[in-house]
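Worksheet: the structure to be examined is printed underneath.
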Amino acid sequence: MKIQTTKVYTEIDRAVKKGYKIISLQGSARSSKTYNTLIWLIIYCLQHPGTRLAIVRATLPALKGSVFVDFKEIMLKMGVWEEKKCYNKTEMIYTMPNGSTVEFFSIDSEQKLRGRKRDILYVNEANEILYLEWTQLIMRTTRFAIVDYNPSFSEDHWIYAILNKEAKTYHCLTTYKDNPFLEETIIEEIESLQHKNKSLWQIYGLGQMAVIEGLVFPEVTVIDKIPYQVKHRWKGMDFGYTNDPTAIVEVGVMDQSIYIDEICYKTHMLSGHIIKELRDNNPEQPVISESADPRLIDELYLGGINVYPVEKYPGSVKAGIMKMQEYHIYVTKNSINVLKEFRNYTYMQDKEGKWLNEPIDCWNHAIDAIRYVVLMEILGQGKPNKDSLKKLMQDIY
Numbered sequence: 571m572k573i574q575t576t577k578v579y580t581e582i583d584r585a586v587k588k589g590y591k592i593i594s595l596q597g598s599a600r601s602s603k604t605y606n607t608l609i610w611l612i613i614y615c616l617q618h619p620g621t622r623l624a625i626v627r628a629t630l631p632a633l634k635g636s637v638f639v640d641f642k643e644i645m646l647k648m649g650v651w652e653e654k655k656c657y658n659k660t661e662m663i664y665t666m667p668n669g670s671t672v673e674f675f676s677i678d679s680e681q682k683l684r685g686r687k688r689d690i691l692y693v694n695e696a697n698e699i700l701y702l703e704w705t706q707l708i709m710r711t712t713r714f715a716i717v718d719y720n721p722s723f724s725e726d727h728w729i730y731a732i733l734n735k736e737a738k739t740y741h742c743l744t745t746y747k748d749n750p751f752l753e754e755t756i757i758e759e760i761e762s763l764q765h766k767n768k769s770l771w772q773i774y775g776l777g778q779m780a781v782i783e784g785l786v787f788p789e790v791t792v793i794d795k796i797p798y799q800v801k802h803r804w805k806g807m808d809f810g811y812t813n814d815p816t817a818i819v820e821v822g823v824m825d826q827s828i829y830i831d832e833i834c835y836k837t838h839m840l841s842g843h844i845i846k847e848l849r850d851n852n853p854e855q856p857v858i859s860e861s862a863d864p865r866l867i868d869e870l871y872l873g874g875i876n877v878y879p880v881e882k883y884p885g886s887v888k889a890g891i892m893k894m895q896e897y898h899i900y901v902t903k904n905s906i907n908v909l910k911e912f913r914n915y916t917y918m919q920d921k922e923g924k925w926l927n928e929p930i931d932c933w934n935h936a937i938d939a940i941r942y943v944v945l946m947e948i949l950g951q952g953k954p955n956k957d958s959l960k961k962l963m964q965d966i967y
């Protein structure tokens, strides 16, 4: 199968041929940084026997849910993925037939951070790691390193203040406009940011450095898992399909705290897929869901899911958000997409840059799912009574 590449691939190729030791790939959302970096690295490893490549990200859940998924997809498309023969799942090491190895590990693995040398280093979302961690990695890299990142930081960040100013660094910037394979709906979503939040547009649209301003939830604490003492728990669910994901989260409430754990965040999910996800994760737990698709809700109900569609009302978005803001938010470290939403969910700005008391309608699929639980279980509103549930089922038929 033919693999299509973008400007990112060309930039890496040019930098390596010129002898640069560090390639710094700064870019907007959907500029194809990760995907094309992986294509280039896979081809390089296949062409250079015995190459030792390390692919690193800040946390293991983020690594498994993003860059490793892309790596496997590209290998499958190329027809060179051999899971049983070549992949050590426990160590997350893929050994190619020519002896080249690709090792995946996270920064929170202290042993591997300070472990053996490698020929090539690739740090995905390098803005998430500390400078000390970067120095530990680069001093054990013999040929060259590649880093990619969305520039959501200030001028004192080590990538800007140190890395990109070194003579051995090849620094390039790409945006979504350098990716000719994007669907029009995704382009429209990215470009809509210029009318919503200037800092988000600068980072995710233009690929330029900025600190995200106007966060709806500026203080979110990352935890290992929801404490066992949290007895009141529900699942929240927001439906998506093509471009928007179906988001399912576990939401626990205790005292003045809300605890969140990501269960599912995927596109192209049919009712059967959703039912399986819910059955595999505490199937007795009540599910409070989006109410816009009554037929899907009915299919989930008939599939044995204890689902309750939330009933929205004028002002329910603001009411749910304001109530959430009264609580301290705790999110598990495995919840990579939930954390990304909280770190990018902002208030809107008008043309003059004035902040509006209205959140943007993006980066909010999991947050909406959480809000449904808050509406129903904390505010006590939005919960359909028996008559409205009966009417809902009648409307379906």
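Under my numbering, the residues of the sequence shown are numbered 571 to 967, in order.
Quick reminder that beta carbons are idealized off the backbone N, C-alpha and C, glycines included.
- Boundaries of the alpha helix (DSSP H) harbouring residue 847: 841–850, taken from the DSSP string.
- Close CB contacts of residue 844 within its chain, under the 7 Å cut and outside five residues either way in sequence, are with 816, 870 (chain order).
- Between residue 916 and residue 775, the C-beta gap is not smaller than 9 Å, which leaves the two residues out of contact.
- Of all C-beta pairs linking the stretch 736–744 to the stretch 585–598, three or more are shorter than 8 Å, placing the two stretches in contact.
- Excluding the 5 residues flanking it on each side, residue 582 has same chain C-beta neighbours closer than 7 Å at 593, 607, 610, 716, in chain order.
- When the five nearest sequence neighbours on each side are left out, no beta carbon in the same chain lies closer than 8 Å to the beta carbon of residue 892.
- Residue environment for residue 927: exposed (fewer than 16 other C-beta atoms within 10 angstroms of its C-beta).
- Rounded to the nearest whole angstrom, the C-alpha separation of residue 714 and residue 577 is 20 Å.
- Under the three-pair Cβ rule at 8 Å, the stretch 650–668 does not count as touching the stretch 691–702.
- Per the coordinates, the alpha-carbon of residue 639 lies some 32 Å from the alpha-carbon of residue 726.
- In the three-state reduction of the DSSP assignment, residue 805 falls in the strand class.
- Going by beta carbons, residue 702 and residue 626 fall outside the 9 Å limit.
- Minimum Cα-Cα distance from residue 933 among the listed residues 898, 767, 789, 861 corresponds to 767.
- Residue 917: member of the beta strand (DSSP E) spanning 917–919, first to last residue.
- The stretch 887–929 contains, as complete alpha helix (DSSP H) runs of 4+ residues, the segments 906–912 (chain order).
- Between the alpha carbons of residue 630 and residue 880 lies a gap of roughly 34 Å.
- Distances from the CA of residue 790 to each of 910, 874, 749 were compared; the closest alpha carbon is that of 910.
- Distance from the CA atom of residue 878 to the CA atom of residue 859, rounded to whole angstroms, is 6 Å.
- Non-local beta-carbon contacts of residue 875 in its own chain, meaning distances under 7 Å to residues more than five positions away in sequence, involve 845, 848, 857 in chain order.
- Per DSSP, residue 638 has no beta-bridge partner at all.
- According to the DSSP assignment, residue 584 belongs to no beta strand (DSSP E) but to the alpha helix (DSSP H) extending over 577–587.
- For the set 923, 903, 921, 832, the Cα lying nearest the Cα of residue 938 is the one of 832.
- Counting only runs that start and end inside the stretch 748–826, the alpha helix (DSSP H) elements of at least 4 residues fall at 754–761.
- Assigned with DSSP and collapsed to three states, residue 838 falls in coil, not helix or strand.
- Assignment of residue 828 by DSSP, reduced to helix, strand and coil, places it in the strand class.
- A check of alpha carbon separations from residue 755 across 658, 622, 885, 813 identifies 813 as the nearest.
- In this structure, residue 805 sits away from residue 824, with a CB-CB distance that is not shorter than 9 Å.
- With a 10 Å radius around the Cβ and a threshold of 16 neighbouring Cβ atoms, residue 837 comes out exposed.
- Sequence-distant Cβ neighbours of residue 907 in its own chain, meaning closer than 7 Å and more than five residues away, are 832, 835, 936.
- About 5 Å separates the CB atoms of residue 929 and residue 786; that is less than 8 Å, so the two are in contact.
- Here residue 949 carries a coil assignment [DSSP, helix/strand/coil].
- Here the alpha carbons of residue 699 and residue 773 stand approximately 18 Å from one another.
- Selection 883, 601, 764 evaluated against residue 746 yields 601 as nearest (Cα-Cα).
- A residue is called buried when at least 16 other Cβ atoms come within 10 angstroms of its Cβ; residue 811 does not meet this threshold and is exposed.
- Taken atom to atom, the span from the alpha-carbon of residue 722 to that of residue 873 is near 43 Å.
- Residue 687 holds the alpha-carbon nearest to the alpha-carbon of residue 709 among 687, 645, 584.
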